[in-house]
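Trainee: Structure incoming, see below.
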Amino acid sequence: MESLNKENYNPEEHLFNTLNNLDIGFVKVNNTGVILNHNLFFNKIFGYNPEKNLIGTKILDYWQNTDDRDNFRKILYKNDIVKKYITSAKNLDGKQIFLELNFKLEKNSNGEIISSEGIFVDITKRTETEQRLKESERKSQNIIENLPMGVHTYQLGKDGHLYLIGSNPAADQILGVDNSLSIGKTIDQAFPNIVDTDIPEKFGEIAEKGGFWHKEDIIYEDKRIKGAFENFNFQASPGIVVSMFNDISERKKAEQKLKESEKKLRNLNIQLEQRIEERTWELKESENKLRKFMDSATDGIIIFDSKLNYIDVNNITLQTVDMTREELIGKNILDIAPGLKETGRYDKYLDVIKTGKPFSTEDIIFNRKDGSLSSFFSTRAFKVGNELGIIFTDITERKKAEEKLKESEKKYRNLFESCIDGIVLTDMEGRILDCNEKYSDMLGYTIEELQKLTYLQLTPEKWHAGEAEIVQNQFIAQGYSDEFEKEYIKKDGTIFPVALKGWLIKDENGNLEGMWGFIRDITESKKKEEEIRLHSEIMTNMSEGVYLIRLEDLIIVYVNPRFEQMFGYESGEMIGKYVVIVNAPTEKTPEETKNEIMGILQETGEWHGEVQNIKKDGTIFWCYANVSLFDHPEYGKVIVSVHTDITERKKREEEIIDEKNKLQTVINTIQNGLSVQDLEYNILYHNHVVTDLFGDCVGKKCYKIYEGNDKICLECPVELAFKDGKSHTIIRELKKPHSGEISYWENIANPIRNSEGKIVSCLEIATNITEIKKSEEEIKRIKESYERLTDNANVAIFRVKIKGRDIVYSIPVNPAAERLFGYSKAEWLSDSTLGFKIIHPDFVEKQKQIMGDINKNKKPIKNAVLGWIAKDGQEVILEYTIIPILDDNGDIVYFESIGVDITERKKSEETLKESERKLKEAQALGKIGYWEFDITNQQITWSDQVFKIYNRDPSLGPPSEEEEAHYYTSDTNERLKEYARRAIEFGEEFDYDLQANLPSGMVVHLSALMRTIKNRSGQVIKLTGTVQDITERIEKEKEIEEDLKEINQLKSEFLRRASHELKTPLISIKGFSDLILALYEDQLDPVIISKLREINDGCERLQNIINNLLKTSRLESTEIKPKVQKEDLSFLINFCVHELQALAERRKQSIKLDIHDNLFVNMEKEEIHDVLSNILTNAIKYTPPKGKIEVKTELKKDFVVVSVSDNGIGFTE
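Just so you know, we're using the working numbering here: the sequence shown kicks off at 183 and counts up by one.
And the structure:
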């Protein structure tokens, strides 16, 4: 395994390669969202080309949900890190993807956030699969929950028992129990009644081997079925059994009853057959009578069964539906009339069968073949036994008459109200009976007001005699009148002319009933008659062509001389011709052109536009036509069309349009922005480039669009062009209105002059120079960076002129070259051999080799290391890149040498090597080995000392996982695996001891530790650790332990003997002192009595010491058995606290109890009392005044842990 100190190791590149191999995207961005670094897989996740370099660009906004984005940022900026954040996003194509994010913030030494970096894991497929799985599980569960059958699911446990893990509501209903209470129990515990059956065994076989088992269970009581269940059992997946069951008690009971009924039925069948024969003859007789009746009936008769199937029809019915009896009988009514359900009729028929209530209606029958209306019928439906009878009567003729009457009335009213003339109905005396709105509007009255008047009251008196004569001579004589003119009086007194035409009305016997009058207001037509006369004179002499077309049949009725001349016809030749003779055939026929114009004309009353016409000789030419509708006194409604020949103008326009299109094509293809502005700086025109930047700008001020100003921009090139009539250029920085994107443009303004040479507008041409600007800035930045780098960094750059192996001169290019060697530029130029003089003796041959390689290969040399002696005598070591510069003939002109000062690095490497040597020596002395595990490539590395500890040949390399497993017990192997898992997943670190059984038979005791190495994202990439051979220490500890046992035995023997040897004389001393006090206290001097009592007190103290020694001796004895019994530990703790409460209060201390109630435990009460009292006394003694002491109990399995904590000084180590 290569050392991490190798010069070719690039951790960032290694990380990127690793993440790419793991399909993990990496990105690093600054605080403004600009990408600082990323790997190839980041491109792939978001749909970019893998080779595209996104450094320096804005990171794409991949969030789909702004709340999700804000929540992510909130967590990141709060905790400085976010782990395993799941979110939905979108890639470059807008497609939804799912990502797992792990991000952290990077801060400088001041704690300021400078960037953030993280990894992306594409979990789209996993998420979609999980969603489909959840949906599938939801659907499956929904199906199971709603199944009418009971469903139980069992799982085969590791102990070989089947456990109930699922049940649906139907199972509760069928079994009559709450199965949820049995979830998690074995099948025997859940259903004890099936323990002795074969069900558990069969279920076990299905769980292990699969298969399907169908089973029916029937319970009998007095030969009658009491209950029955049907089971379907199968393996859902390995170890999972699904049992589906149903209560079939009713079905089985029904089957039993059916068998009993069959027997009774067979007996009845014999009797029925006899009766059927008797009734068959009677039925046939009745059928014959019914058939004669039905066939002779004039109405249609149909008999349906209870399901509306045809069972009998008469001849009228067959004629009506145009079918034979064989085609109809047995069919359902919906087969013949499929739409019957939609009308509701089908349900009504069924309702008659169900309720017996008849109903009647009228039906429309449609032809079955072509769907046309066939007949109208009056239908009556009624119940016949359990069947339905229908009788229908053909009322088609009556219906047709009614419809005609309604249609006639409708037409009359529509005609009456829609007529453009006024219509009035009067009786023979002239009284108005009815009129339309046109008539009432014409006179200014309401219809109700007119019905109170006579037509004479509406007519000026001068017209009465003449009108009476027309009534007598025309109405009475011929039944109608010719159209005549008269005058009417409006409600406001205005008199106006009308044209009137009338008809006489007679009854069936020829008696006169009244008159119809049709009246038209001719006020305007009278005015127009005079106008037309004047216009006729004008049209005859005007320069435009004019012709009149009768609207009724579109026949030309008038043309002026100019129109005839324009179309090449003789005078009067066009009169009587159809209007389309003037229309030229184009992509439309002349008739289609006529129809298009007429459609607009009838809708709006006029048409204006350009039209292609045709002369008599076939010549096609362009005209501009103005077409209008007029009332003509002779021809009625006419079309007046005025034509102007625009052929020459059209030719010029087409030439202009053609040139304009060519120019527009050129304008649209160029990538420069073009705009034209008038003298007020309004934009008159712009091309697509300006539209892309600012949208539609026509009519807007240029300075508002480009700069957002309310006045002309400073140094505006357009303003300067308007002033001096010359072209002007400016570099302009523009910001897009919505995105805020900055771009740079070179704008050239050129004045536009009219034919008189006067400036009327300005053409502004804008060229996007953003990339050029960026390149210039980048070049400037690189140049400045390079100069800073070469001036300040320890990089010596020389330009060396050579001739063969000889140096003509060496020129230091940057200050660092002079600083590192201590020689000035003048000194280098004055001595061409200086480069040979100051070379370090150890590198003379290397220098000659390099010179030879350059002359021979004429290719760049990299990573060449040379040592030098600087002017101050210090050693300088540089790593060179040497680039030969060749002329056109391939000969070396000079070479550039770029040397990086690696003096300190070389010293560090030497120091590192020395440290590594010392570390190896220390590891060997301390028997400590080092190991490393690379998670990415699953490679483990051992130091030499690890191989020695495990007595393994280093040439074999570290053991495989299988080999290493033989070194340890199974428990130790499981423990080591768990440590490794937790270290990789959670970054935990461990210190632990273990024992290894080596293949050689040696047993070694080891002390080890495990640490983690993480990448910038906080992800664990390596595990490292040490292992130390502590076998000798363990053996020494065992020897010490044996020695301690021997010492303890001697101590115990000493305590036992000392206590007994002291106790015997002590009893004598105390006994005699008590006896003297008892017998002679009243005779002795007080001083002697005092001394005797001191002896007694001393004896008691010594007795306590001896008792403690004896107790200690007993406690250390292995033969002593504690006298335990069940006692209340809660009471004992409270008792001890109560005893010492006064002492604590004097020291102003508080004792807090957090203990369980009624803690009954097996213990020796007196001994535990002493222990608790001693611990509490120490706590009170060593806790400062106003301190806090807490007594707490914890339950751990079968034990009670009592802990006493305080804020005292504690114990020393």
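Just so it is clear, CB atoms sit at the ideal spot from N, CA and C, and this is done for glycine as well. Just so we're clear, the structure is a prediction, and the values are computed from it rather than from any experiment.
Counting pairs of Cβ atoms below 8 angstroms between the stretch 530–548 and the stretch 557–572, do you hit three or more?
Mentor: Yes: the two stretches touch, three or more of their Cβ pairs being nearer than 8 angstroms.
Trainee: Verify whether the separation of the beta carbon atoms of Val982 and Ser992 is less than 8 angstroms.
Mentor: Yes, the Cβ-Cβ distance between Val982 and Ser992 is below 8 angstroms.
Trainee: For Ile677 and Gln639, I'd like the C-alpha separation in whole angstroms.
Mentor: About 13 angstroms.
Trainee: Below 8 angstroms, can you find three or more Cβ-Cβ pairs linking the stretch 419–429 to the stretch 330–344?
Mentor: They touch, by the three-pair rule.
Trainee: Which of the three DSSP states, helix, strand or coil, is assigned to Leu555?
Mentor: Unreliable positioning characterises Leu555 in this predicted model, as indicated by a pLDDT of 48, which lies under 50. The coordinate reading is nonetheless provided below. In this structure, Leu555 counts as strand in the three-state DSSP scheme.
Trainee: Excluding the five sequence neighbours on either side, which residues of its own chain have a C-beta within less than 7 angstroms of the C-beta of Leu222, listed in chain order?
Mentor: Within the same chain, Leu222 has close Cβ partners Asn202, Pro232.
Trainee: Ignore the nearest five residues each way along the sequence and tell me which others in Pro1136's own chain have a CB closer than 7 angstroms to its CB.
Mentor: Once the five neighbours on either side are set aside, the close Cβ partners of Pro1136 are Asp1126, Phe1129.
Trainee: On the criterion of 16 or more Cβ atoms from any shown chain inside 10 Å, does Phe1254 qualify as buried, or is it exposed?
Mentor: Under this definition Phe1254 is an exposed residue.
Trainee: Whole angstroms are fine: how far does the CA of Pro1181 sit from the CA of Glu310?
Mentor: Their backbone Cα atoms lie some 51 angstroms apart in a straight line.
Trainee: Rounded to the nearest angstrom, what separates Thr829 and Tyr806 at their Cα positions?
Mentor: Cα to Cα, Thr829 sits roughly 9 angstroms from Tyr806.
Trainee: Tell me the DSSP secondary structure of Val1075 in three-state form.
Mentor: Of the three classes helix, strand and coil, the one that applies to Val1075 here is strand, per DSSP.
Trainee: Taking 8 angstroms as the threshold (C-beta atoms), are Asn361 and Asp354 in contact?
Mentor: In this structure, Asn361 lies closer than 8 angstroms to Asp354 by Cβ.
Trainee: Considering only C-alpha positions, which residue in the set Thr786, Asp304, Glu387 is nearest to Leu344?
Mentor: For the residues Thr786, Asp304, Glu387, the minimum Cα distance to Leu344 belongs to Glu387.
Trainee: Have a look at Leu1016, Thr1063, Asp1069, Asp1073 and flag the residue whose alpha-carbon is nearest the alpha-carbon of Ile1080.
Mentor: With distances taken between Cα atoms, Ile1080 lies closest to Thr1063.
Trainee: Would you check if the distance between the CB atom of Val264 and the CB atom of Asn284 is smaller than 8 angstroms?
Mentor: Against a cut-off of 8 angstroms, the Cβ pair of Asn284 and Val264 comes out as a contact.
Trainee: Between Lys565, Lys539, Gly521, which has its C-alpha nearest Ser488's C-alpha?
Mentor: It is Lys565 whose Cα lies nearest to the Cα of Ser488.
Trainee: Would you identify the three-state DSSP class for Asn1037, choosing helix, strand or coil?
Mentor: Three-state result, Asn1037: helix.
Trainee: Let me know the beta strand (DSSP E) ranges lying completely inside the stretch 844–904, each 3 residues or longer, listed in chain order.
Mentor: Listed in chain order, they are 855–860, 865–868.
Trainee: Going straight from the alpha carbon of Ile947 to that of Tyr867, what length do you get?
Mentor: Ile947 and Tyr867: Cα-Cα distance of roughly 12 angstroms.
Trainee: At 3 residues or longer, what runs of the beta strand (DSSP E) sit wholly inside the stretch 679–718?
Mentor: Complete beta strand (DSSP E) runs here, min 3: 694–703.
Trainee: Check this for me: beta carbons of Gln654 and Tyr662, under 8 angstroms apart or not?
Mentor: Cβ atoms of Gln654 and Tyr662: not closer than 8 angstroms.
Trainee: Alpha carbon to alpha carbon, what distance is there between Ala1052 and Glu189?
Mentor: With a pLDDT of only 47 at Glu189, under 50, the local geometry of the prediction cannot be trusted, and the value read off the model is given with reservation. One C-alpha to the other measures close to 26 angstroms.
Trainee: May I have a chain-ordered list of the beta strand (DSSP E) segments no shorter than 3 residues that lie completely inside the stretch 240–300?
Mentor: Qualifying beta strand (DSSP E) stretches, in chain order: 263–272, 278–289.
Trainee: Around the Cβ of Tyr1262, are there at least 16 other Cβ atoms within 10 angstroms (buried) or fewer (exposed)?
Mentor: By the 10 Å Cβ count, Tyr1262 comes out exposed.
Trainee: Looking only at C-alpha atoms, which of Thr768, Gly791, Lys1218 sits nearest to Ile779?
Mentor: When only C-alpha atoms are compared, the closest one is Gly791.
Trainee: In whole angstroms, give me the CA-to-CA distance for Gly215 and Ile237.
Mentor: So the two alpha carbons sit approximately 11 angstroms from each other.
Trainee: Rounded to the nearest angstrom, what separates Leu861 and Glu901 at their Cα positions?
Mentor: Roughly 9 angstroms separates the two Cα atoms.
Trainee: How big is the Cα-Cα spacing for Arg914 and Ile951?
Mentor: Arg914 and Ile951: Cα-Cα distance of roughly 10 angstroms.
Trainee: Just verifying my parser: in three-state terms, what is the DSSP assignment at Cys1397?
Mentor: Since the displayed the chain opens at 183 and closes at 1395, residue 1397 lies outside it and no answer follows.
Trainee: Should Met1184 be labelled buried (16 or more other beta-carbon atoms within 10 Å of its own) or exposed?
Mentor: It counts as exposed.
Trainee: May I ask you to report which of helix, strand or coil DSSP gives Lys962?
Mentor: In this structure, Lys962 counts as helix in the three-state DSSP scheme.
Trainee: CB-CB under 6 angstroms to Pro1042, same chain, minus the five flanking residues each way: which ones, in chain order?
Mentor: The answer, listed in chain order, is Ile1065.
Trainee: Starting from Arg744, trace the alpha helix (DSSP H) in both directions and tell me its first and last residue.
Mentor: Counting along the chain, the alpha helix (DSSP H) containing Arg744 begins and ends at 743–749.
Trainee: So, with DSSP's three-state summary, where would you put Phe223?
Mentor: In this structure, Phe223 counts as helix in the three-state DSSP scheme.
Trainee: Is it a yes or a no for the stretch 1317–1337 touching the stretch 1361–1371, going by three-plus beta-carbon pairs under 8 angstroms?
Mentor: Yes, the stretch 1317–1337 touches the stretch 1361–1371.
Trainee: So the candidates are Leu522, Val824, Ile658; which of them puts its Cα closest to the Cα of Gly696?
Mentor: Among Leu522, Val824, Ile658, the Cα nearest to that of Gly696 belongs to Ile658.
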